[in-house]
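**Student:** Residue numbers (this note's numbering), protein chains in the order written: chain A, 6 to 377; chain B, 38 to 402; chain C, 13 to 471. Even glycine gets a Cβ: it sits at the ideal position worked out from N, Cα and C. Because the structure is a prediction, the values reported are computed rather than measured. The structure under discussion is supplied below as structure tokens; questions concerning it will follow.
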Amino acid sequence: MTQTALTSAPEPGSLPVGPTPAGKRFRGLRRFLAPIRQAHGMPKAMLWTGGIITALLALTAILAPLIAPYSFDAYQSGGHQFPKQGHPSGTHLFGTTVQNFDVLSRVVYGARTALEVMILAVVFSLILGVLLGLLAGYLGGWLDRILVLVMDALFAFPYLLLAIVAGFMLSGIIGGGVVTAALSITIVYIPQYFRVVRSSALSAREQVYVEAARAMGAKPSTIVRKYLFGNVIQSVPVIATMNAGDAISTLAGLGFLGLGIQPTEAAEWGYDLQRAIDDVNSGMWWTALYPGLAIVLAILGFTLLGEGLNDVYNPTIRRRRIIRAVLPVPTARKRLHEAAGNGGGTGSTTGDNGKAGTTSETGTTPEEGDGQ
Amino acid sequence: MSAHVTSPEPAPAGTADTSRPVLSVRDLRVWYGTPRGPVRAVDSVDFDVRPGETLGLVGESGCGKSTLGRGVLGLAPEGAAVDGEVNFRGTNLVSLSKKQLQELRGPELGLIFQEPMTRLNPLMRISEHFAETLKTHEPGLTKDQVRERALEALRGMGIPPSRYHNYPHEFSGGMRQRIMIALALVLRPAFVVADEPTTALDVLVEAQIIRILADLRRNFDTALVLITHNLGIVAEACDRVAVMYAGRIVEQGDAREVFARPQHPYTQELLRSTISLSTTGLHYIPGAPPDLVEPPTGCRFHPRCPKAMKVCAAVEPPDVLLNSGSTSACWHQAQNIAGAIPPEHATDGREPLALAEEISVADEA
Amino acid sequence: MPTKPDTAAASTARDGAEAGEPLIEIEDLKVHFGLGGGGLSRLTGRGAGTVKAVDGVDLTLRKGEVLGLVGESGSGKTTLGRTLLGLNRPTGGHIRYRGLDLAGLSERRMRPMRRELQMVFQDPHASLNPVMDIRTAVGHPLEIHGLAASEEERDAKVVEALERVGLHPAEQFLDKYPSDLSGGQKQRAVLARAIIADPRLLVADEPISMLDMSVRAKILQLMLDLRDDLGLTFVYVTHDLASAKYFCDRIAIMYLGRIVELGTTDEVFAEPRHPYTRALLAAIPEPDPERAVTRNLPRGEVPDAARPPAGCSFHPRCAAALSACGWEARDLRTYLERRWLTLEPDDWARERDLLGDLTGLDTPGLLEAVLRPGRGGTAEDVLALLERLREEDADGEAPEPFWRGVTALELRDGAVRLAFAEPADPRLLPVAGAGTTVACHLHDPARSAAVPPQTPASA
């Protein structure tokens, strides 16, 4: 038995007559964010922790020039060369590397690189994956078959290997840089969006509202834009957040293998980590610890955020919170006997008198019983 | 099925036995928790079902009829609060543990669902379904006895014995529903709830199933609660009817009596708004059923009631046992009983309630 | 029968056209669906086949009328409604509308036509895009067909349409999402969307069956108002005869892809001719304690549309079927199985053993059934049993129509052979002295003279 009709019972007057511009504009966003506001328990904790870590990461990346004491590729300051493999000290809080770079500055600028690559990669793969998924899902036929084949082939590859191959090929064409790294990671993640979007498009295509749109005379392109897109896109933010963490680890992996961004172009944690391998053996912990920690934190932040969002949005995982109802003391119902033309004593209350005294006879004591 | 009504005891005083209710519900409440507060899906409901009797439970969606049907069997959803009394042969089902209820379900209490296909395992033959059900609750049965019992139950439902070893997908929708009914009845439960058993079926098949259910009460001692939104089905297959509105039973009584002379305004309005072959004009109830988190004060139907009086909005009407044998929870019947209307409403309580505003379509269901 | 509101207002159709003038002419329309022959269907022995969802329908829709397509599931009523809008591609036949044959139009050329031909679906909740607000949803047909120059114009038209369907005040609904509305309100919004582009035809597919009893009448009334105010022509697809009786001017009763009876509502309800129509009418449970559903319900259920019965599709369930109605071998199995329901277990076991395996009879279209005796006896025993059954069932209280189709029952090569009469498809023929047309041999003057007098079951 559904209660939807009841819970959505409109209250005339409570709604503004005529839309307020702001209300209209943010209506969709508010609907989208509503599950987040209603999150609780474990998903809520994950959302918050992940959100805070991600926000700090973003802040660090944006404010990198202000936070970092030096530039990421500086090996000297004011004509004074940095020490080689210097211990953490007052001037170099996290110490310096074998290339005389300041570790703190590298780590802080590394956040910027990671975020740039991550955003580019996620945006590219999202756009391409969603577009191809929509087309394949709605149109079907040979296009769908070919795309599924290609995507499955991509999916079957070990992702790092795929990124390496892509990075290798791309760096030959456009050189090594942030965009190259982003593009090689993009290829890895397109299949994920494609698969999810295609399957939701496939099921959305069978919905009555799509049929209704067809019956209205809508063109396929209109149907895809107006009827499929909005319904299919809902699972995408969750994947995007989950992929963000993954993208950072892939970038670090590429950097670690020396296939990512050149150290002179941008600071990159994976590269730094790789350079620090030899240091660890000689007891220099700082060159490896800080970039490593940064990688772990960044991935943790995005993963928590993604898992939290997944719990909140994914209906198969989302378990409805059980709110226990608490019953107020019952009110006895009055039971009377109709007696033809006879008044007086025939009206008798046969309810439970002990309980009847405790609550009012209207039986509508508004008790909030939604506590645990 | 008629062939096997040989109950072990001939029941010397048969009348005394059948007049005692097999299931008696008193002040049953089932409330769900929601973020906005508890939903009073079933709110203080009383009814009795006697052996061999069919009680029709009718109401619109959201009135709590399904919740009531499940609540009686101890199948209220998780988190729901249940209190009151469901007296089944001297035991209060509300106070039983989950395990105790589980043991009663099947041999004593049965449930027939709306969607037959989802309740049959597609990988199991019909014979295996019966074997499993019978062996679980009556482990002493031999293979031949299982087969005999199952075939007898199936025959009562019009399933040819030659189909006994078929799989569920080899049957049509109506046949599957009959198999479900046979599965529920093969253990000979004393009390069965059928929740919209014909909703998913075609008109003619629905009529066939109604016939089967109607025959059931004659040939069998099973007490049946038939939940439906279709008043025609109640008139066809039920001895008594209970009309639910907003979590309460507003009227109950002999089906013929209630349909011929409905007493509660909601029953009257519901009957009038039903489109039947004899409909000559369209009629509908204005407004929508109330939000059961905050139901209206007084009578829950008063905001939509064409006959509402001032007392209806203020005081909850009592259940009035009418001389016809029906019960109606309405002030129109209660007002004639001396002392029923509380003194503070004695002077103006009978005045018609001026509705504050016309109920607009904006509020319709 | 004064069960109808005054239909005079409906005659004020647009374009100065008179009511009664044909709007759409359907000629021998066929919609067949191919079944994918997957591994499962091969395993179960049912090869890939064709479902003749609509199989040769002739129908004329007149301007301003409400035509009811009534039938059970599998009758093809929904497919027929959808095909009118080109949502299903016809396999054959013609749909003539304004000098065009819609049956042959490509999807691209069909699209502009859909401004004039609109559809309302059964589930109001599912037919609205959950992420589109009411303003956009209801106004979308305007956008699709370029009927609103500006957003203001569109909003004004949306408000007008919403008010017209009773969603008042309309401003309150513009920014709501479908999930904010109740079932009745959603169906009103769907109706608003259907009428906003000023269509001529509205195909309403079970528009009230998912709504609550107390709301159904409101939506039905609204559709009547829309017909009267806008001069709409309605095709009302339903399984609910009661609402069809109230709402429709004419009714087409469909069974397994064909129209079996067609006539004005008054006539069809006053004197149903086809046994199926009679059965449907008798099976409706009414909230009237004085009227009980007949005990003489048709047997069985709607057959598998991929393997329809020969001749008249209804014959296996028809108590009045004649020899030419299409009896075939599988009907023998159904007959025997039905008989076994009445037997004591021992008797059944004996007959089962005697008759052996009957699955061979299941092939559709067999006009000859060969029964080889099972373990329990000889061919003579089988013949004796069948002859006894024929004697018992062919006449008497409730004559078994199956035996009317049996032309031969004999021993041949150690088996019992049954032959069946050549089946004949009943054609939709006008009933003499009435406005209805019926596809039933009982009402075919050329046949009914040659058959034993019928006692059509009392309705």
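So the beta strand (DSSP E) residue 236 of chain B belongs to, where does it begin and stop?
**Tutor:** Here residue 236 of chain B belongs to no beta strand (DSSP E), and DSSP marks it neither H nor E.
**Student:** Give the interface partners of residue 192 of chain B over in chain C, defined as CB-CB distance under 8 Å, in chain order.
**Tutor:** By Cβ distance, chain C contributes 353.
**Student:** Looking at the secondary structure, which residues open and close the alpha helix (DSSP H) in which residue 43 of chain C lies?
**Tutor:** No alpha helix (DSSP H) contains residue 43 of chain C, which is instead part of the beta strand (DSSP E) from 34-46.
**Student:** Alpha carbon to alpha carbon, how far is residue 438 of chain C from residue 340 of chain C?
**Tutor:** 16 Å
**Student:** Taking only beta-carbon atoms, is residue 225 of chain C less than 8 Å away from chain B?
**Tutor:** yes
**Student:** Label residue 346 of chain A either buried or exposed according to how many other C-beta atoms from any shown protein chain fall within 10 Å of its C-beta, with 16 as the threshold for buried.
**Tutor:** Unreliable placement is indicated for residue 346 of chain A, whose pLDDT of 47 sits below 50; the coordinate value is still reported in the next sentence. Per the 10 Å Cβ criterion, exposed.
**Student:** I want to know whether the stretch 94-110 of chain B touches the stretch 244-261 of chain B - three or more CB-CB distances under 8 Å.
**Tutor:** no
**Student:** Spatial neighbours of residue 213 of chain C within its chain, please: C-beta separation below 6 Å, excluding the five flanking residues on both sides.
**Tutor:** Result list for residue 213 of chain C: 129, 245, in chain order.
**Student:** If you follow the beta strand (DSSP E) that residue 291 of chain B is part of, which residue opens it and which one closes it?
**Tutor:** Segment 285-291, the beta strand (DSSP E) holding residue 291 of chain B.
**Student:** Does DSSP put residue 223 of chain C in a helix, in a strand, or in coil?
**Tutor:** Residue 223 of chain C carries a coil assignment under DSSP once its states are collapsed to helix, strand and coil.
**Student:** Against chain C, with Cβ distances strictly below 8 Å, would residue 227 of chain A count as a contact?
**Tutor:** yes
**Student:** Between the alpha carbons of residue 62 of chain B and residue 364 of chain B, how many angstroms are there, rounded?
**Tutor:** C-alpha separation (whole angstroms): 15 Å.
**Student:** The stretch 244-270 of chain B: which residues have C-beta closer than 9 Å to a C-beta of chain C, in chain order?
**Tutor:** 244, 245, 247, 248, 251, 266, 267, 268, 269, 270
**Student:** Can you give me the C-alpha to C-alpha distance between residue 43 of chain C and residue 105 of chain C, rounded to a whole angstrom?
**Tutor:** 9 Å
**Student:** Please state whether DSSP places residue 162 of chain B in a helix, a strand or coil.
**Tutor:** coil
**Student:** On the criterion of 16 or more Cβ atoms from any shown chain inside 10 Å, does residue 423 of chain C qualify as buried, or is it exposed?
**Tutor:** Exposed.
**Student:** Nearest-angstrom Cα distance between residue 19 of chain C and residue 76 of chain C?
**Tutor:** Because residue 19 of chain C sits at a pLDDT of 43, beneath the cut-off of 50, its placement in the model cannot be relied upon, and the following sentence gives the value as read from the coordinates. Between the C-alpha atoms of residue 19 of chain C and residue 76 of chain C there is a straight-line separation of about 9 Å.
**Student:** Quick one: complete beta strand (DSSP E) runs, 3+ long, within the stretch 87-168 of chain A?
**Tutor:** none
**Student:** State yes or no: is the beta carbon of residue 311 of chain B nearer than 8 Å to at least one beta carbon in chain D?
**Tutor:** Here the protein chains are A, B and C, and chain D is not one of them.
**Student:** Residue 68 of chain B lies in the alpha helix (DSSP H); which residues open and close that run?
**Tutor:** Careful: residue 68 of chain B lies outside any alpha helix (DSSP H), inside the beta strand (DSSP E) at 60-69.
**Student:** Return the first residue and the last residue of the beta strand (DSSP E) that residue 189 of chain B is part of.
**Tutor:** Per DSSP, residue 189 of chain B belongs to no beta strand (DSSP E); it is in the alpha helix (DSSP H), 180-193.
**Student:** Listing by chain order, which chain A residues have their CB less than 7 Å from the CB of residue 66 of chain B?
**Tutor:** 332, 335
**Student:** Can you tell me whether residue 55 of chain C is buried or exposed? The criterion is at least 16 other CB atoms within 10 Å of its CB, across all chains shown.
**Tutor:** Low confidence applies here, because residue 55 of chain C scores a pLDDT of 47, under 50, leaving its location unreliable; read the following figure in that light. Exposed.
**Student:** What's the C-alpha gap between residue 382 of chain B and residue 347 of chain B?
**Tutor:** 8 Å
**Student:** How would you list, in chain order, the residues of chain A whose beta-carbon sits under 8 Å from the beta-carbon of residue 156 of chain C?
**Tutor:** 221, 222, 223, 224, 227
**Student:** Compute the distance between the beta-carbons of residue 77 of chain A and residue 272 of chain A, then report whether it is under 8 Å.
**Tutor:** yes
**Student:** Which term fits residue 282 of chain C, buried or exposed, when burial requires 16 or more other beta carbons within 10 angstroms of its beta carbon?
**Tutor:** exposed
**Student:** For a contact meaning CB atoms closer than 7 Å, what does residue 69 of chain B contact in chain A?
**Tutor:** 330
**Student:** Which of the residues in the stretch 246-279 of chain C, read from start to end, lie with their CB under 8 Å from any CB of chain B?
**Tutor:** So the list reads 251, 252, 253, 254, 255, 257, 258, given in the order they occur along the chain.
**Student:** Residues of the stretch 106-131 of chain C with a CB closer than 9 Å to any CB of chain A: list them in chain order, please.
**Tutor:** Those residues of the stretch 106-131 of chain C that come within reach of chain A (Cβ to Cβ, closer than 9 Å) are 119, 120, 122, 123, 124, 125, 126, 127, 129, 130, 131.
**Student:** Closest by CA to residue 336 of chain B, which one among B/289, B/56, B/368, B/306?
**Tutor:** B/368
**Student:** Can you look up residue 67 of chain C in the DSSP assignment and give me helix, strand or coil?
**Tutor:** strand
**Student:** Does DSSP put residue 149 of chain B in a helix, in a strand, or in coil?
**Tutor:** strand
**Student:** Can you name the residues of chain A whose CB is closer than 7 Å to the CB of residue 324 of chain B?
**Tutor:** Taking a Cβ-Cβ cut-off of 7 Å, residue 324 of chain B has no neighbours in chain A, whose nearest Cβ is about 10 Å from it.
**Student:** Within the chosen definition, does the stretch 99-106 of chain A reach the stretch 226-233 of chain A through at least 3 CB pairs nearer than 8 Å?
**Tutor:** no
**Student:** Counting only Cβ pairs nearer than 8 Å, list the residues of chain A close to residue 380 of chain B.
**Tutor:** Per Cβ cutoff of 8 Å: no residues; residue 380 of chain B is ~12 Å from chain A at best.
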